[in-house]
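What follows is a short report on a single structure.
Number of protein chains: 2
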Amino acid sequence: MSGAKRVPLPEPRVEVRFSGSGGQGIVLAGLIFAEAAGVYDRREVAMVQSYGPEARGGASKVEVIISDDPIDYPLCTNVDLLLALTQEAADTYSHDLKPNAWVVADLEWVTHPPTSDTIALPFTKVARDTLEKVMVANIVALGAVSHLTGLVTHRALEKALLARAPGGTSQLNRRALNLGVKIARDYLRKKQARAVKEIQVEDM
Amino acid sequence: MSGAKRVPLPEPRVEVRFSGSGGQGIVLAGLIFAEAAGVYDRREVAMVQSYGPEARGGASKVEVIISDDPIDYPLCTNVDLLLALTQEAADTYSHDLKPNAWVVADLEWVTHPPTSDTIALPFTKVARDTLEKVMVANIVALGAVSHLTGLVTHRALEKALLARAPGGTSQLNRRALNLGVKIARDYLRKKQARAVKEIQVEDM
Chain A
122 MSGAKRVPLP
132 EPRVEVRFSG
142 SGGQGIVLAG
152 LIFAEAAGVY
162 DRREVAMVQS
172 YGPEARGGAS
182 KVEVIISDDP
192 IDYPLCTNVD
202 LLLALTQEAA
212 DTYSHDLKPN
222 AWVVADLEWV
232 THPPTSDTIA
242 LPFTKVARDT
252 LEKVMVANIV
262 ALGAVSHLTG
272 LVTHRALEKA
282 LLARAPGGTS
292 QLNRRALNLG
302 VKIARDYLRK
312 KQARAVKEIQ
322 VEDM
Chain B
122 MSGAKRVPLP
132 EPRVEVRFSG
142 SGGQGIVLAG
152 LIFAEAAGVY
162 DRREVAMVQS
172 YGPEARGGAS
182 KVEVIISDDP
192 IDYPLCTNVD
202 LLLALTQEAA
212 DTYSHDLKPN
222 AWVVADLEWV
232 THPPTSDTIA
242 LPFTKVARDT
252 LEKVMVANIV
262 ALGAVSHLTG
272 LVTHRALEKA
282 LLARAPGGTS
292 QLNRRALNLG
302 VKIARDYLRK
312 KQARAVKEIQ
322 VEDM
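Shown next, in the form of structure tokens:
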């Protein structure tokens, strides 16, 4: 169905970790992402979440492996994409990143990014100020990381989101997702503009 | 908090597999069960679900490991509890049961139980006929397996359910859960009565 429109995966096996604190909706974001990739984009997907003292103490995470081949080991060993919505999550879960991993963090809550090329975006701010519902910061982030990485199609993501969104919140969730995409698009444009400028400076 | 009221686990590591077909809400049931055990009963819990050709083709599953110690391997190798809501799920996912595993199946959909001591209960029938919402058969089953096995407390299960139930469905979901418990209780009473009768016959 959506197979034809899928972007090829950048690696045969892509490891994704979403992290934050309990109550930020990390598990739901992971579930929607996994179902977008697995059910709607029709890839092989494994998702693992755990609950324990660590998770209850503060930082919580969910891991999603995406592949076009069967997945024999469902845990992350070299993370391709880390989303961190809190400082504690960023500190706790950034020890096993790949050299060129995408690291995406909440601009407000992650004051000390785990890597020098962390992409810090205003998920919480947009959810609170623009949507007036801070609880959908997870969905804003979901829209942004998906657009930045191209790991799932927007169409699949929207379907998965609407299938899991609590009744009556479809409109809000769709807006949150689209705002996330917009934030990511703006970031990419600015980055490109900066790159062009740097090239022009070099040319002078 | 609810630690004091928890029943001891029957094994240091308990492996639970919920299975059925897409659309029966297996993932949601597994998530609620995992959160009941991990967040509210405060045990160590790992949950794995996967999406792939197998899952999309028909049978789908979610696995939950419960322990009081850290879980290093999150996959099932010897299943303590299998819930099967369809025949295909029962056939596909009953190859690695422990000798005395609980096997719980939907009475209507699993016509050939995978073991001779499978507990077949009318989850779908109750959801359809009593609750008039076949979609909550998963929650009826959740209430039943939890009562049968004592792996999670009812209090934790109810909290986890209400935290994940879509808005406006709390009442329906709570009824479904309680009906599941009732079905399990009736089953256990009948089983006990049968055992007493057998003892009496032996005594004569």
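Those sequence lines, one after another, are chains A and B.
Going by our numbering, the first residue of the first sequence is number 122, and it counts up by one from there.
Going by our numbering, the first residue of the second sequence is number 122, and it counts up by one from there.
Quick reminder that beta carbons are idealized off the backbone N, C-alpha and C, glycines included.
From a predicted model like this one, the values you see are computed outputs, not experimental measurements.
One question on the structure: do residue i and residue j come within less than 8 angstroms of each other, judged by their Cβ atoms?
i, j, result
"serine 140 of chain A", "leucine 204 of chain A", "yes"
"alanine 262 of chain B", "alanine 241 of chain B", "no"
"valine 224 of chain A", "threonine 239 of chain A", "yes"
"alanine 281 of chain A", "valine 200 of chain A", "no"
"aspartate 162 of chain A", "threonine 274 of chain A", "yes"
"isoleucine 192 of chain B", "serine 171 of chain A", "yes"
"glutamine 145 of chain A", "leucine 206 of chain A", "yes"
"valine 231 of chain B", "alanine 248 of chain B", "no"
"histidine 268 of chain A", "alanine 314 of chain A", "no"
What distance in whole Å lies between the Cβ atoms of residue j and residue i, which are believed to be in contact at a cut-off of 8 angstroms?
i, j, result
"arginine 296 of chain B", "tyrosine 214 of chain B", "So it is not a contact: roughly 28 angstroms between Cβ atoms."
"valine 166 of chain B", "leucine 196 of chain B", "Actually they do not touch by this definition, with Cβ atoms about 14 angstroms apart."
"valine 135 of chain A", "isoleucine 187 of chain A", "5 angstroms"
"alanine 277 of chain B", "alanine 150 of chain B", "The Cβ separation is near 14 angstroms, so there is no contact."
"proline 287 of chain B", "glycine 301 of chain A", "At roughly 22 angstroms, the Cβ-Cβ gap does not stay under 8 angstroms, so proline 287 of chain B and glycine 301 of chain A are not in contact."
"threonine 270 of chain B", "leucine 202 of chain B", "6 angstroms"
"asparagine 294 of chain B", "valine 257 of chain B", "6 angstroms"
So that I know if they touch, is there some Cβ in chain A lying closer than 8 angstroms to that of residue i?
i, result
"glutamine 208 of chain B", "no"
"serine 171 of chain B", "yes"
"valine 135 of chain B", "no"
"serine 123 of chain B", "In this predicted model, serine 123 of chain B has a pLDDT of only 42, less than 50, meaning its place in the structure is not dependable; the value taken from the coordinates is given anyway. For serine 123 of chain B, the answer is no, since every Cβ of chain A falls outside 8 angstroms of its Cβ."
Identify the contact partners of residue i in chain A, using a Cβ-Cβ distance below 7 angstroms as the criterion.
i, result
"alanine 155 of chain B", "Tyr172"
"glutamate 165 of chain B", "Gly173"
Mind listing the chain A neighbours of residue i? Cutoff is C-beta to C-beta under 8 angstroms, in chain order.
i, result
"methionine 256 of chain B", "Here the premise fails: no neighbours, minimum Cβ distance about 12 angstroms."
"proline 195 of chain B", "Val169, Ser171, Pro195, Leu196"
What does residue i touch in chain B if you count any residue whose Cβ is under 8 angstroms from its own?
i, result
"glycine 289 of chain A", "Gly288, Gly289"
Heavy atom of the ligand ZN less than 7 angstroms from the Cβ of residue i, yes or no?
i, result
"proline 195 of chain B", "The model depicted lacks the ligand ZN and carries no ligand whatsoever."
### Task
Return the residues of the region 178–191 of chain A that lie within a Cβ-Cβ distance of less than 8 angstroms from chain B, sorted by chain order.
Of all residues in the region 178–191 of chain A, Pro191 have a Cβ within less than 8 angstroms of some Cβ in chain B.
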